[in-house]
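Colleague: Residue numbers (the numbering used here), protein chains in the order written: chain A, 2 to 95; chain B, 19 to 237. Beta carbons: idealized from backbone N, C-alpha and C, even for Gly. Take this structure, written in structure tokens, and hold onto it; I'll ask about it next.
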Amino acid sequence: MEPKYKPGDKVRILQRNQPGHVRTPIYVRGKTGIIERIVGSFPNPETLAYGDTGLPYKMLYRVNFRQAELWDDYDGPADDTLEIEIYEHWLAPA
Amino acid sequence: MSEHHHDHDHPTHTHDGKPIQEDPLPPLEAQILETSVRELLIEKGVVSADEIRRAIEAMETRGEALGAKIVARAWTDPDFKEKLLHNSDDALMEFGINMSPMELCVVENTDDVHNMVVCTLCSCYPRPILGIPPAWYKRRDYRARAVREPRAVLKEFGTELPDGKQVRVHDSNADLRYLVLPKRPEGTEGWSAEQLEELITRDSMIGVSDVLAPSEAGS
Chain A
2 MEPKYKPGDK VRILQRNQPG HVRTPIYVRG KTGIIERIVG SFPNPETLAY GDTGLPYKML
62 YRVNFRQAEL WDDYDGPADD TLEIEIYEHW LAPA
Chain B
19 MSEHHHDHDH PTHTHDGKPI QEDPLPPLEA QILETSVREL LIEKGVVSAD EIRRAIEAME
79 TRGEALGAKI VARAWTDPDF KEKLLHNSDD ALMEFGINMS PMELCVVENT DDVHNMVVCT
139 LCSCYPRPIL GIPPAWYKRR DYRARAVREP RAVLKEFGTE LPDGKQVRVH DSNADLRYLV
199 LPKRPEGTEG WSAEQLEELI TRDSMIGVSD VLAPSEAGS
């Protein structure tokens, strides 16, 4: 499986309402960040959690956000960041 | 285990000493389900009660000592540190640890960066290395606030950071588990790995505090 994104790419997390065992927290949905690293391919937790195989595997990335992008009222220094793991099917180029 | 039990029922009761606060009681259905499945497995001879007890005992007796050994080794062996940061599977194999199917992501504190770990969605934690997560790590207030106002949370843990130091929060939400590699304190030049281990605390490897000062060794 070839990763679609590479470190340094600007990405937006999809703003999607999806019930179930979703590993993309609401606070990052719709937000823009930078690919920090490619983690690799993993079983899809959205099906694995229900006794399924998790196939096809999904590419997983770590995405870096500026805190100010996530929280309008973040009152810490501007270079404070948050990093989180996001599967490729939750990402779009930004 | 906390010595502070709350048997009284106060639905609106909160503690001012945030971020350590009681969650609502767990859902009763989940407890019933767990008991039913466990008893069924024992009745059908799939597992024995003693095997379950042993597994719980093994899980609960794992502690942060292994994490401290790994950090002390990284402080004293630059090649090991490189491996730990970039190829943690191989580094952990030297300690007989296999994280599979998870992977360990080691994040390094420096003069300019402080790392802090949280799992906002549940309580993901590097259990093979640090054991059972502390009660506060699983509580909703820590999980919600660590990403939203990390500096305020750190301050409540007694960790005040200058504005010049970047705070990097890691949400352990999927397949990685995180270990903070704290900064080796000054004044420990020439210390052995065993001596250094005494300075490395559980909380410093989660990133809510610094390691102990050299003068606190053995305290």
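1. Considering Cα atoms alone, identify which of B:D95, B:V131 and B:T128 is closest to E112 (chain B).
2. Return the residues of the segment 40-56 of chain A that lie within a Cβ-Cβ distance of less than 9 Å from chain D, sorted by chain order.
3. In chain order, which beta strand (DSSP E) runs of at least 3 residues are fully inside the segment 163-226 of chain B?
4. Do you know offhand how far N127 (chain B)'s Cα is from S227 (chain B)'s?
5. On the CB-based measure, 16 or more other CB atoms within 10 Å of its CB, does G85 (chain B) come out buried or exposed?
6. I think M77 (chain B) touches L148 (chain B), with their Cβ atoms under 8 Å apart; what is that distance to the nearest whole Å?
7. Just checking, does the segment 78-95 of chain A make contact with the segment 178-190 of chain B on the three C-beta pairs under 8 Å criterion?
8. Checking 8 Å against the spacing of the C-beta atoms, do V89 (chain B) and L172 (chain B) come in under that value?
9. When the Cα atoms are used, what is the spatial distance from A48 (chain B) to R56 (chain B)?
10. Looking at the C-beta of G77 (chain A), does it have a partner C-beta in chain B at a distance below 8 Å?
11. Which of the three DSSP states is assigned to S146 (chain A) in this structure?
12. Can you check whether the CB of A170 (chain B) is closer than 8 Å to the CB of M134 (chain B)?
13. Assuming N191 (chain B) and I35 (chain A) make a contact with CB atoms under 8 Å, what is their CB distance in whole Å?
14. Nearest chain B C-beta to D10 (chain A) closer than 8 Å, yes or no?
15. Under the rule that 16 or more other beta-carbon atoms within 10 Å means buried, what is L217 (chain B), buried or exposed?
16. Got a sec: is the Cβ-Cβ distance from L139 (chain B) to anything in chain A below 8 Å?
17. Comparing C-alpha positions only, which one of B:G176, B:P146 and B:L230 sits nearest to G81 (chain B)?
18. Between the C-alpha atoms of E3 (chain A) and H90 (chain A), what's the straight-line distance to the nearest angstrom?
19. State yes or no: is the C-beta of T177 (chain B) within less than 8 Å of the C-beta of R161 (chain B)?
20. Going by Cα to Cα distance, which pick from A:D76, A:G77 and A:Y62 is closest to D10 (chain A)?
21. Quick one: is T82 (chain A) near chain B, going by C-beta distance under 8 Å?
22. Using CA coordinates, which residue listed in B:L59, B:A92 and B:T219 is at the minimum distance from K124 (chain B)?
23. Just to confirm, is the Cβ distance from E70 (chain A) to T25 (chain A) under 8 Å?
Modeller: Working from what's here:
1. Considering only alpha carbons, the answer is B:D95.
2. Annotation note: the requested chain D is absent from the structure, which comprises protein chains A and B.
3. As far as the segment 163-226 of chain B is concerned, its whole beta strand (DSSP E) runs of at least 3 residues are 184-189 and 194-199.
4. Near 11 Å, if we compare the C-alpha coordinates of S227 (chain B) and N127 (chain B).
5. Buried: at least 16 other Cβ atoms inside 10 Å.
6. Going by Cβ atoms, the distance from M77 (chain B) to L148 (chain B) rounds to 12 Å, so no, they are not a contact pair.
7. Using a Cβ-Cβ distance cut-off of 8 Å, the segment 78-95 of chain A and the segment 178-190 of chain B are in contact, since at least three pairs of beta carbons, one from each stretch, lie closer than that value.
8. Not closer than 8 Å, so no.
9. Cα atoms of A48 (chain B) and R56 (chain B): separation of roughly 12 Å, rounded to the nearest angstrom.
10. With 8 Å as the cut-off, G77 (chain A) counts as an interface residue toward chain B.
11. What the structure shows of chain A is the stretch from 2 to 95, and residue 146 (chain A) is not part of that stretch, so it cannot be assessed.
12. Between M134 (chain B) and A170 (chain B), the C-beta spacing is not below 8 Å.
13. No, N191 (chain B) and I35 (chain A) are not in contact; Cβ-Cβ is about 17 Å, not under 8 Å.
14. With a threshold of 8 Å between beta carbons, D10 (chain A) makes no contact with chain B.
15. Flag for L217 (chain B) reads buried.
16. Yes - at least one Cβ of chain A is within 8 Å of the one on L139 (chain B).
17. Checked all of B:G176, B:P146 and B:L230; the closest Cα to G81 (chain B) is B:P146.
18. Our two residues, E3 (chain A) and H90 (chain A), have alpha carbons roughly 13 Å apart in a direct line.
19. Taking 8 Å as the Cβ cut-off, T177 (chain B) and R161 (chain B) do not qualify as a contacting pair.
20. A:Y62 is the residue among A:D76, A:G77 and A:Y62 whose C-alpha sits nearest the C-alpha of D10 (chain A).
21. Yes - at least one Cβ of chain B is within 8 Å of the one on T82 (chain A).
22. As written in the sequence, residue 124 (chain B) is Val, which differs from the Lys given in the question. With distances taken between Cα atoms, V124 (chain B) lies closest to B:A92.
23. The Cβ atoms of E70 (chain A) and T25 (chain A) lie no closer than 8 Å to each other.
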